[in-house]
Structure formats: structure tokens, C-alpha cells
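Novice:
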Amino acid sequence: MDILQGIIIGIVQGLTEFLPVSSSAHLVFIQNILGVQSSLAFDTFLHLGSLLAVLWFFRADIIKMLLSWFSSLSDIVHGRFREGFYDDPYKRLAWYVIIATIPVALAGVFFEDSVEALFSGALYVPAFFLFVTGTILYLSQRMTSGNINFRNITGKHAFFMGLGQACAILPGLSRSGTTIAAGLVAGLDKEFAAKFSFILSIPAILGAFILQVKDIGSAMDANFLPIFLGFVAAFVSGYIAIKWMLDLIQKRNLDIFAYYCWIVGIVVFMGTIAHVF
Numbered sequence: 052m053d054i055l056q057g058i059i060i061g062i063v064q065g066l067t068e069f070l071p072v073s074s075s076a077h078l079v080f081i082q083n084i085l086g087v088q089s090s091l092a093f094d095t096f097l098h099l100g101s102l103l104a105v106l107w108f109f110r111a112d113i114i115k116m117l118l119s120w121f122s123s124l125s126d127i128v129h130g131r132f133r134e135g136f137y138d139d140p141y142k143r144l145a146w147y148v149i150i151a152t153i154p155v156a157l158a159g160v161f162f163e164d165s166v167e168a169l170f171s172g173a174l175y176v177p178a179f180f181l182f183v184t185g186t187i188l189y190l191s192q193r194m195t196s197g198n199i200n201f202r203n204i205t206g207k208h209a210f211f212m213g214l215g216q217a218c219a220i221l222p223g224l225s226r227s228g229t230t231i232a233a234g235l236v237a238g239l240d241k242e243f244a245a246k247f248s249f250i251l252s253i254p255a256i257l258g259a260f261i262l263q264v265k266d267i268g269s270a271m272d273a274n275f276l277p278i279f280l281g282f283v284a285a286f287v288s289g290y291i292a293i294k295w296m297l298d299l300i301q302k303r304n305l306d307i308f309a310y311y312c313w314i315v316g317i318v319v320f321m322g323t324i325a326h327v328f
């Protein structure tokens with residue numbers, strides 16, 4: 052992999068991690084187009100770039116959530132957890148992120164081998180699920196925006212969004228798309244559904260990074276520059292994608308991404324089938 056390929060793949064990772072168009076599908080597509088196969092070290096640092104982008108963008112909220120969460124642990128010791136939990140929305144938000152992460156953690160444990168088999172299959176698999184992503188987005192945009200935000204979200208809402216995120220381990224199903232759609236179905240305000248979806252990505256991306264980083268070994272060696280520049284590209288493009296999505300969801304709907312997913316999914320699917328026959 053050369054430097055330019057590393058930068059291109061990093062940009063694709065950062066954008067599609069947070070835009071509702073499936074990073075897993077696009078990484079498979081772009082690697083096929085460029086004729087390269089990324090290394091474990093490269094994938095690991097792409098995840099790190101995306102992770103740092105969302106951490107930096109929501110740094111103020113994340114600091115408040117962490118401080119509130121540690122405070123709630125003290126509340127448990129002193130027997131006042133319930134009072135503190137309902138008095139501080141950031142305490143609730145921190146615990147709800149943990150609750151919403153449970154489904155994707157279980158899906159990763161029990162279905163890891165099956166999902167890896169899908170990733171190693173033909174391109175028509177992510178193409179098909181990309182079409183499904185478009186359909187989910189389109190239908191979710193037909194729903195009226197609710198009024199649930201970080202002050203009145205409940206564990207049920209968070210868990211439902213977590214189920215959406217768990218489904219997105221399938222190649223081609225967008226993580227941000229399914230979680231935002233699940234939030235809209237559950238009655239969340241559009242802007243908060245997107246914001247909670249991005250914050251919810253932190254433990255999922257962090258988990259993937261931790262699982263990968265222990266296995267990269269000496270893979271950095273000669274590929275250090277493409278890996279580093281891919282990491283930087285993923286960070287910058289990821290930050291831009293988050294900002295763009297939050298601005299877009301306030302002013303318009305996400306139909307444009309539904310149309311995009313349909314077009315790309317159909318083109319890749321038909322191209323793959325035509326190649327087979």
C-alpha cells in the first residue's frame with residue numbers, strides 16, 4: 052500500500068464511519084477498486100483516528116459524563132445512587148451508553164465468526180445490506196421527530212438504539228444509520244438521536260481498537276508512513292463528517308443518503324452478479 056492509497060482509504064473510513072452509508076461496505080469497495088488489502092495495523096489505526104475524532108468533537112460532553120459516572124459510583128457507596136441518577140442527566144447518559152453497548156458486545160461475542168465469514172465473501176453481501184441501509188434511512192425519515200433528548204431519555208430508548216447498533220455488525224449495514232433510525236423510531240429528537248448515536252460509537256470503536264491493537268505486532272515497520280497518514284486522514288474526515296451530519300440533520304432529512312445507498316448497493320450488486328455469470 053502506498054501513501055496515496057493510505058490517505059484515500061483513511062478519508063473513506065473517517066467519512067463513512069459517521070455518515071449513514073456503512074464504513075464496512077465502503078472499505079471493502081475502495082480496497083477492491085484500489086487493488087489493495089489493508090493490514091491489521093492499518094485497520095487498527097483507522098479505528099483510532101475515527102475514535103479520536105468523536106472524542107475530540109464531543110470532548111465537553113464526554114468529560115461531564117465521565118465525571119458524573121465516577122460521581123455515581125460514589126453515590127452507590129453512600130446509598131444515594133437513585134437520587135443522584137435522576138438529578139443529573141449526565142449520570143443517566145453515561146449509564147445509558149453502557150446499557151446500549153450491551154447488545155453489540157453480545158453480538159460480537161456470539162456472532163463474530165459468522166460475521167467474519169460474511170466479510171470474506173463476495174461483494175454482493177455488503178452491497179445487499181447497503182441497499183437495506185438505504186431503506187431503513189428512507190423509512191425513518193418518514194417519521195415525525197420526537198421530543199426525547201438527553202434530559203428525558205430512558206434506559207429503554209438507549210437499549211433500543213443499542214439493538215440497532217448490534218445489527219450494524221453486518222457488512223453494509225450502517226452503524227450510524229441504524230442507530231439514528233432506531234432513535235427516531237423510539238421518539239428521540241432528530242439532533243439528539245444523531246448525537247447519541249455518535250457518542251454510542253465510542254465504546255464500540257474502542258472495543259474494536261483494543262481487540263486489534265494486541266495483535267498488530269511488528270506490522271508497522273516499512274508501512275509506517277501510509278499507516279500514519281491514513282490515521283490522520285481518518286481523524287480529520289471523521290471530525291468533518293460528524294459536524295456535517297449534525298448540521299444536516301437539523302436543516303434537512305437524510306433522504307440523500309438513502310438514495311446514495313440504493314444506487315451504490317444496486318450498482319455493486321448487479322456488477323458482482325454479472326461478473327459471476
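Counting from 1 along the sequence shown, just add 51 to a position and that's the residue number in the numbering used here. For every residue, glycine included, the Cβ atom is placed at its ideal position computed from N, Cα and C.
Should residue 255 and residue 61 be called a contact, given that it needs their Cβ atoms to be closer than 8 Å?
Specialist: No, they are not a contact pair.
Novice: Name, in chain order, the residues that DSSP records as bridge partners for residue 55.
Specialist: Paired residues: none, contrary to the question.
Novice: Give me the Cβ distance between residue 181 and residue 76, rounded to the nearest whole Å; I'm assuming they're in contact under 8 Å.
Specialist: At roughly 5 Å, the Cβ-Cβ gap stays under 8 Å, so residue 181 and residue 76 are in contact.
Novice: Determine whether the beta carbon atoms of residue 231 and residue 244 lie at a separation below 8 Å.
Specialist: Yes, they are a contact pair.
Novice: Find out if the Cβ-Cβ distance for the pair residue 70, residue 296 is shorter than 8 Å.
Specialist: Yes, they are a contact pair.
Novice: Just to confirm before moving on: does the CB-CB distance between residue 90 and residue 82 stay below 8 Å?
Specialist: In this structure, residue 82 does not lie closer than 8 Å to residue 90 by Cβ.
Novice: Any idea what DSSP makes of residue 127, helix, strand or coil?
Specialist: Residue 127 falls in the helix class under three-state DSSP.
Novice: Considering only their Cβ atoms, is the gap separating residue 119 from residue 145 smaller than 8 Å?
Specialist: Contact: yes.
Novice: Taking C-beta to C-beta, are residue 198 and residue 240 nearer than 8 Å?
Specialist: Their beta carbons are under 8 Å apart, which means residue 198 touches residue 240 by this criterion.
Novice: Name the two residues that bound the continuous alpha helix (DSSP H) containing residue 191.
Specialist: 175 to 191 is the extent of the alpha helix (DSSP H) around residue 191.
Novice: Looking only at DSSP bridge pairs, what is residue 224 linked to?
Specialist: The partner list for residue 224 (beta bridge, DSSP) is empty, contrary to what the question assumes.
Novice: Is the beta carbon of residue 125 sitting closer than 8 Å to the one on residue 223?
Specialist: Cβ atoms of residue 125 and residue 223: not closer than 8 Å.
Novice: By a C-beta neighbour count over all protein chains shown, 10 Å radius and 16 as the cutoff for buried, is residue 318 buried or exposed?
Specialist: Residue 318 is exposed by the Cβ-count criterion.
Novice: Using 10 angstroms around the beta-carbon of residue 68, count the other beta-carbons present and answer buried if the total reaches 16, otherwise exposed.
Specialist: Under this definition residue 68 is a buried residue.
Novice: Quick one: Cα of residue 316 to Cα of residue 79, how far?
Specialist: Computed Cα separation, rounded: 12 Å.
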